[in-house]
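J.: In our numbering, the protein residues as written are 59 to 352.
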């Protein structure tokens, strides 16, 4: 099974033709929280709207899709000439009366008759043949396939970039983990120095250990680092899933950002602060790219 990350941004185009008909379908997709369709097509095709959405659903699981369906030719509309015989009879009877009354010679040729208002009406009838529907769905499928290829190609690049940020983030988290004991040791040394200064060298070792223990408990980063690494593992796993993962990744990035902020506030160390800034920068870059993932 090929594991693919799919972008929500893409474009697809499909054409299907017959002797009297040419159908063009264009599909454009952009980021959206849910799956949403906006279809613009001739009103005669509205009966197929649900079927078109269902077909596109096999290519689009999330995103806003703009669908444009253009029909050229006369295959969609059948024109028929209708004669209002009752009205024509009235016209002809009236012309005969006028001719007799005023001794006028009627000139009722087909041409003059065709000029009579409302006698001849051209009606348009919708053609709902299985052939037309087949052409429309064929063009929809072509557009969907092209759209899918483009979204998968962009998704592959997004996956590569996100994985690079993840690798760097994991590396930085390991660096923070290695710095955490040094922070405690540095605090112990500073506290011991101050206690020595204030007690003329008579340091209460028990009190010192208690103070260090309290600080260590408050500044312990172990839980945050464990949760951060757990979130990282979930992101790695999600990138190798065939499901729509965009919303899940967005949630995980928010949770990682929460852990990183906590690390920064608890550590109170300049070296760790540098790494925290780096992690927040990486998370921001990931967030921007995840916004494009289906």
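From the three backbone atoms N, C-alpha and C, an ideal C-beta is built for every residue, glycine too. Predicted model, so just to flag it, every value in this text is computed and none were measured.
Once DSSP output is grouped into helix, strand and coil, what is the label at residue 232?
T.: In the chain shown, residue 232 corresponds to position 174, counting from 1. In this structure, residue 232 counts as helix in the three-state DSSP scheme.
J.: With DSSP run on the structure shown, which of helix, strand or coil describes residue 309?
T.: Along the chain shown, read from residue 1 onward, the residue named residue 309 stands at position 251. Helix, per DSSP.
J.: May I ask which residues mark the beginning and end of the beta strand (DSSP E) holding residue 74?
T.: In the chain shown, the residue the question calls residue 74 occupies position 16. Counting along the chain, the beta strand (DSSP E) containing residue 74 begins and ends at 68–75.
J.: Compare the beta carbon distance of residue 68 and residue 87 with 9 Å and say whether it is the shorter of the two.
T.: For the purposes of this step, residue 68 is taken as the residue at position 10 of the chain shown. For the purposes of this step, residue 87 is taken as the residue at position 29 of the chain shown. A contact, by the Cβ cut-off of 9 Å.
J.: Does the Cβ of residue 131 have 16 or more other Cβ atoms within 10 Å, making it buried, or fewer, making it exposed?
T.: Numbered from its first residue, the chain shown carries residue 131 at position 73. With fewer than 16 other Cβ atoms within 10 Å, it is exposed.
J.: Rounded to a whole number of angstroms, what is the C-alpha to C-alpha distance between residue 317 and residue 219?
T.: Locating residue 317 in the chain shown gives position 259, where the first residue counts as 1. Locating residue 219 in the chain shown gives position 161, where the first residue counts as 1. Looking at the two C-alpha atoms, the distance is approximately 22 Å.
J.: Using beta-carbon positions only, say whether residue 216 and residue 65 come within less than 9 Å of one another.
T.: By one-based count along the chain shown, residue 216 stands at place 158. By one-based count along the chain shown, residue 65 stands at place 7. Contact flag set, yes.
J.: Just to confirm before moving on: does the CB-CB distance between residue 75 and residue 193 stay below 9 Å?
T.: Mapped onto the chain shown, residue 75 falls at position 17. Mapped onto the chain shown, residue 193 falls at position 135. Yes. Within cutoff.
J.: Would the stretch 144–158 count as touching the stretch 111–126 if we require 3 or more Cβ pairs under 8 Å?
T.: Counting Cβ pairs under 8 Å, fewer than three are found: no touch.
J.: Does the distance from the CB of residue 314 to the CB of residue 286 come in under 9 Å?
T.: For the purposes of this step, residue 314 is taken as the residue at position 256 of the chain shown. For the purposes of this step, residue 286 is taken as the residue at position 228 of the chain shown. Yes, these two residues count as a Cβ contact at 9 Å.
J.: If we count the other Cβ atoms within 10 Å of its Cβ and call it buried at 16 or more, is residue 335 buried or exposed?
T.: Locating residue 335 in the chain shown gives position 277, where the first residue counts as 1. Answer is exposed; the Cβ neighbour count stays below 16.
J.: Using only the alpha-carbon positions, how far apart do residue 239 and residue 328 sit?
T.: In the chain shown, the residue the question calls residue 239 occupies position 181. In the chain shown, the residue the question calls residue 328 occupies position 270. The straight-line gap from Cα to Cα measures roughly 14 Å.
J.: Would you mind reading off the limits of the alpha helix (DSSP H) that contains residue 285?
T.: By 1-based counting over the chain shown, the position of residue 285 is 227. Residues 280–297.
J.: Which residue from 111, 94, 339 puts its Cα closest to that of residue 83?
T.: Locating residue 83 in the chain shown gives position 25, where the first residue counts as 1. When only C-alpha atoms are compared, the closest one is 111.
J.: What residue range does the alpha helix (DSSP H) around residue 149 cover?
T.: Within the chain shown, the letter at position 91 stands for residue 149. Per DSSP, residue 149 belongs to the alpha helix (DSSP H) from 143–160.
J.: What span of residues does the beta strand (DSSP E) with residue 123 cover, start to end?
T.: Taking the first residue of the chain shown as position 1, residue 123 is located at position 65. Counting along the chain, the beta strand (DSSP E) containing residue 123 begins and ends at 121–131.
J.: Quick check on the DSSP output: the alpha helix (DSSP H) that includes residue 330 runs from which residue to which?
T.: On the chain shown, position 272 is the one that residue 330 refers to. It spans 328–348 - the alpha helix (DSSP H) in which residue 330 sits, taken as one unbroken run.
J.: With C-beta atoms as the reference, is residue 333 less than 9 Å away from residue 234?
T.: Working through the chain shown from its first residue, we reach residue 333 at position 275. Working through the chain shown from its first residue, we reach residue 234 at position 176. Going by C-beta atoms, residue 333 is nearer than 9 Å to residue 234.
J.: To the nearest angstrom, how far is the alpha carbon of residue 213 from that of residue 188?
T.: Indexing the chain shown from 1 puts residue 213 at position 155. Indexing the chain shown from 1 puts residue 188 at position 130. Cα to Cα, residue 213 sits roughly 36 Å from residue 188.
J.: Can you tell me whether DSSP reads residue 90 as helix, strand or coil?
T.: One-based indexing of the chain shown puts residue 90 at position 32. DSSP places residue 90 outside both helix and strand once states are collapsed to three, so it counts as coil.
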